[in-house]
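Visitor: Please see the structure below; I have some questions.
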């Protein structure tokens, strides 16, 4: 996408930087010092509504963070950066990151939303998180970044599933293969 004015280029850059603000939710502390790369087949910016949209094979990288989605929308209501929220949509949205502890975390969901002000990450629709030999699966998983608190929820009639331990994960993988 070509931008003819400096203002258009600047606003797209601002949108990209807002998206980068969500990266610390997943990242190593050193990841936040790394440049953010956002690749997609299409990128657009609506300056009136302060919305940046990245579509078609979106890949976001910053340090050890790797997020893949079909579409990512960055919204800054009223132009107020503190009210920014980022939504990623996919079939599914996938992510991977390395924690400060050296343990990788990966997961997926149909939608991932990050609210900058509250530092709340919400995974919805077949939400799944995995770290080493443990995983949790539900319809919705929330994570408060600052407090490092996670909750998992399921829709009516369904249950949240947690698998912990190397043997349990190996059994689960074998069951999927059969």
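Numbering (mature numbering (1 follows the signal peptide of the UniProt record, and there is no 0)), first residue to last: -27 to -1, 1 to 151.
Idealized CB from N, CA, C, for every residue including glycine.
Taking C-alpha atoms, which residue in 132, 83, 14 lies nearest to residue 27?
Guide: 14
Visitor: Could you give the distance in angstroms between the alpha-carbon of residue 41 and the alpha-carbon of residue 32?
Guide: 5 Å
Visitor: Buried or exposed: residue 134, going by 16 or more other Cβ atoms within 10 Å of its Cβ?
Guide: Counting Cβ neighbours within 10 Å, residue 134 comes out exposed, since fewer than 16 surround it.
Visitor: Can you say whether residue 25 is buried or exposed, counting buried as having 16 or more other CB atoms within 10 angstroms of its CB?
Guide: buried
Visitor: Using the C-alpha atoms, what's the distance from residue 57 back to residue 115?
Guide: 18 Å
Visitor: To the nearest angstrom, report how far apart residue 72 and residue 122 are at their CA atoms.
Guide: 15 Å
Visitor: For residue 129, name the three-state secondary structure that DSSP assigns.
Guide: In this structure, DSSP gives residue 129 a state outside helix and strand, which the three-state scheme calls coil.
Visitor: Going along the chain, which residues of its own chain have a beta-carbon closer than 6 Å to the beta-carbon of residue 39, five neighbours each way excluded?
Guide: Leaving aside the five residues that flank residue 39 on each side, the residues in its chain whose CB is nearer than 6 Å to its CB run, in chain order, 69.
Visitor: Take the Cβ of residue 156 as the centre, count every other Cβ of all protein chains shown within 10 Å, and call the residue buried at 16 or more, exposed below.
Guide: Given a span of -27 to 151 for the chain in the structure shown, any question on residue 156 remains unanswerable.
Visitor: Apart from the five residues just before and just after residue 30, which ones in its own chain have a Cβ nearer than 7 Å to its Cβ?
Guide: 13, 14
Visitor: Specify the secondary structure class of residue 23 as computed by DSSP and reduced to three states.
Guide: coil
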